[in-house]
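Before any comments, here is the structure.
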Amino acid sequence: MINWITNNISSIGSYIALATFLLSVVTFAFSAYRFVTTRRDAQLQIDFENYHRLIAQLVGSQRDTDTMKMDTQVAIVYELCRFKRYKPVTVRILQGLKDEWSNNDNKNERLINELDLAIKKLS
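In this text, residue positions in the sequence shown follow full-length UniProt numbering: the first is 1, and each later residue adds one.
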């Protein structure tokens, strides 16, 4: 046994170096995977919160005052198009708001036009 070790010492050293290298690569890959998944999950949570905050502001459940500037609502509708993950529900929400707000007088015309553009873009 000792004779075999002395005859193959360079091969054994190479195998140990290779095993150490592979272990460090696996450790690095696992750490990178964990970092990416953690960042992705954090970004998904941020997107979720932002999306729901915008929806709440648009429909009026999260406003300090009763009135909201038309430009703010138009900007919110535009921003909702950015959330591709929520595309199906966004189309349904915007269509429902369009139906509801179309029954009012013509003061919502700019907002209705923006809703149409957003629905068309998302569909």
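For glycine and all other residues, C-beta sits at the position ideal for the given N, C-alpha and C.
On a predicted model such as this, the values are computed, not experimentally measured, just so you know.
- prompt: Grouping DSSP H, G and I as helix and E and B as strand, with all else coil, what is residue 123?
  reply: For this step, residue 123 is matched to residue 123 along the sequence shown. In the structure shown, residue 123 sits in coil (DSSP, three-state: anything other than H, G, I, E or B).
message: Assuming residue 87 is part of the alpha helix (DSSP H), what are its boundary residues?
response: For the purposes of this step, residue 87 is taken as the residue at position 87 of the sequence shown. That run of the alpha helix (DSSP H) goes 87-102.
field: Close Cβ partners of residue 123 (< 7 Å) along its chain, the five nearest in sequence each way excluded
entry: Within the sequence shown, residue 123 is the residue found at index 123, counting from 1. 91.
field: Three CB pairs or more closer than 8 Å across the region 76-96 and the region 45-59
entry: Between the region 76-96 and the region 45-59 there are three or more C-beta pairs closer than 8 Å, enough to call the two in contact.
field: Boundaries of the alpha helix (DSSP H) in which residue 1 is found, first to last residue
entry: For the purposes of this step, residue 1 is identified with residue 1 of the sequence shown, where counting begins at 1. Per DSSP, residue 1 lies in no alpha helix (DSSP H) segment and is marked neither H nor E.
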